[in-house]
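Taking our numbering, the leading residue of the sequence shown gets 1, the next gets one more, and so forth.
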Amino acid sequence: MIHTVFITGASGYVGGMLADQFSKRPDVKKIICLDKREMPEILKGNDKILWIQENTAWNTWQETVRANEPTVVIHCAWQIREMYGARRTQWLWNVEGSQNVFDFAFDSQSVQKLIHFSTASSYGAFAGNTLEHHFVEDEHFRENEYLYGIEKRVAEERLRARFVRAKISGATTIPKVYVVRPAAITGPRGRVIVKRFGLQSVLKKGLPIIPIASATWCRQFIHEDDVTDIIAKLAFEYSAREYNVFNITPDSVVLARDMAEVMGKRTFRITPLIVRVCFFILWHLSRGRIPTSKGGWKFYSYPIVLDGSKITRELSYEYRWQSRAALEKLEGRYAEEALKEISNSPQ
């Protein structure tokens, strides 16, 4: 089957990568890309790309996209970093924008699949979390403070409700819905080419010593190529269920001391209370430029460990990189470009 793919957030790290990689597939004839920002360099000159510079929260893009009859919708668009003093605007962009994408997918007869990017953050980072407990997909979301986790939780709830309404209504064409909850996505493109700014980059470039709030604080990382290949399977191959949710992450973690080792830094111990106070001060002093928004301190104090094995059981997909390798190694489809970027950078 020949596909037309609609990707929101295509100017971002993940959306742009999916558009770039999927445009190389012979079974994809067109990729409709929507973002409130301009087309990224990686997609310029690609004749399979139709670029629409709009916000998902507006009602100005639906007819143009519908006229191109997409078969697959992949919703990546998200304002991840909290905007200082603009929570209402962020809610409009993220939650109401997601609702617009969901409504479009369910109201368009051409759409066969809807893939939504959710997050591990919505499970919640709490003092009772352990390295031994791995969250599985049917556990309830608990996050009630960190805006990113809250918005993603609400978006998932709305998506499920929209699917249920479609089933009850007896609609003849209902897209299959697949939700992915990834661990932190990284790789050569994310670390070197896109150069995303986050607390990880602050720890690496701004602090000579990395503070550790607990011996169990950790992160899981999934390699960007694993993300691309999993989404490709869901978009173009898998069709076993009408609605399904997947944690996507290898089963390994990177402890704080291991992260410090990768970054070539020393560590020192502090308490979660100190992290909380520092986050509060940095958030307001920087007016949000340093990503330390309300509730974010918990995610740098307590672990969230996911069980990502469902994707292997149901899709027969084996992760190619474990967490530390994804964080540390320059390997994968964008490795060569990343190495060129490094060699051309001033020392």
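Backbone N, C-alpha and C define an ideal beta-carbon position, used for all residues, glycine too.
Buried versus exposed, by CB contacts within 10 Å (16 or more), residue i
| i | result |
| --- | --- |
| Asp-226 | buried |
| Tyr-238 | buried |
| Val-277 | exposed |
| Val-305 | buried |
| Tyr-302 | buried |
| Glu-151 | buried |
| Ile-185 | buried |
| Gln-109 | exposed |
| Asn-94 | buried |
| Ile-42 | buried |
| Arg-191 | buried |
| Asn-144 | exposed |
| Lys-178 | It is worth fixing the name first, because residue 178 is Tyr in this sequence and not Lys. Buried: at least 16 other Cβ atoms inside 10 Å. |
| His-140 | exposed |
| Arg-324 | buried |
| Glu-157 | exposed |
| Ala-125 | buried |
N-terminal and C-terminal residue of the beta strand (DSSP E) that residue i is part of
| i | result |
| --- | --- |
| Arg-266 | 266-269 |
| Leu-179 | This sequence places Val at residue 179; Leu is not what is there. Element bounds for Val-179: 176-182. |
| Val-154 | First-last for Val-154: 147-169, but that is the alpha helix (DSSP H), not the beta strand (DSSP E). |
| Gln-53 | 49-53 |
| Leu-114 | 113-117 |
| Ile-80 | Careful: Ile-80 lies outside any beta strand (DSSP E) and carries neither H nor E. |
| Pro-211 | 209-212 |
Where residue i falls: helix, strand or coil (DSSP)
| i | result |
| --- | --- |
| His-3 | strand |
| Leu-349 | Residue 349 falls outside the range modelled here, since the chain spans only 1 to 347, and no answer is possible. |
| Asn-94 | helix |
| Ile-193 | helix |
| Phe-106 | helix |
| Val-254 | strand |
| Phe-236 | helix |
| Ile-228 | It is Thr, not Ile, that sits at residue 228 in the sequence shown. If DSSP states are grouped into helix, strand and coil, Thr-228 belongs with the helices. |
| Ile-290 | coil |
| Leu-43 | helix |
| Phe-299 | helix |
In DSSP terms, what residue i is bridged to
| i | result |
| --- | --- |
| Thr-186 | His-223 |
| Thr-89 | In DSSP, Thr-89 forms no bridge with anything. |
| Tyr-243 | Val-177 |
Extent of the continuous alpha helix (DSSP H) run through residue i
| i | result |
| --- | --- |
| Pro-272 | 272-285 |
| Ile-32 | No alpha helix (DSSP H) contains Ile-32, which is instead part of the beta strand (DSSP E) from 28-35. |
| Ile-311 | 310-315 |
| Val-65 | 62-67 |
| Val-72 | Here Val-72 belongs to no alpha helix (DSSP H); instead the beta strand (DSSP E) covers 72-75. |
| Tyr-13 | 13-22 |
| Ala-326 | 323-328 |
Beta-carbon gap between residue i and residue j smaller than 9 Å
| i | j | result |
| --- | --- | --- |
| Lys-294 | Leu-147 | yes |
| Ile-11 | Asn-46 | Before going further, note that residue 11 is Ser rather than Ile in the sequence given. No; because the gap between Cβ atoms is not below 9 Å, this pair is not in contact. |
| Asn-247 | Glu-314 | no |
| Leu-34 | Val-72 | no |
| Asn-59 | Lys-36 | no |
| Phe-221 | Thr-267 | no |
| Ile-274 | Ala-213 | yes |
| Gly-332 | Glu-224 | yes |
| Arg-365 | Ser-118 | Summary: the structure shown does not reach residue 365, with the chain confined to residues 1 through 347, and so no result is reported for it. |
| Ala-77 | Val-101 | yes |
| Lys-30 | Thr-4 | yes |
| Phe-6 | Ile-74 | yes |
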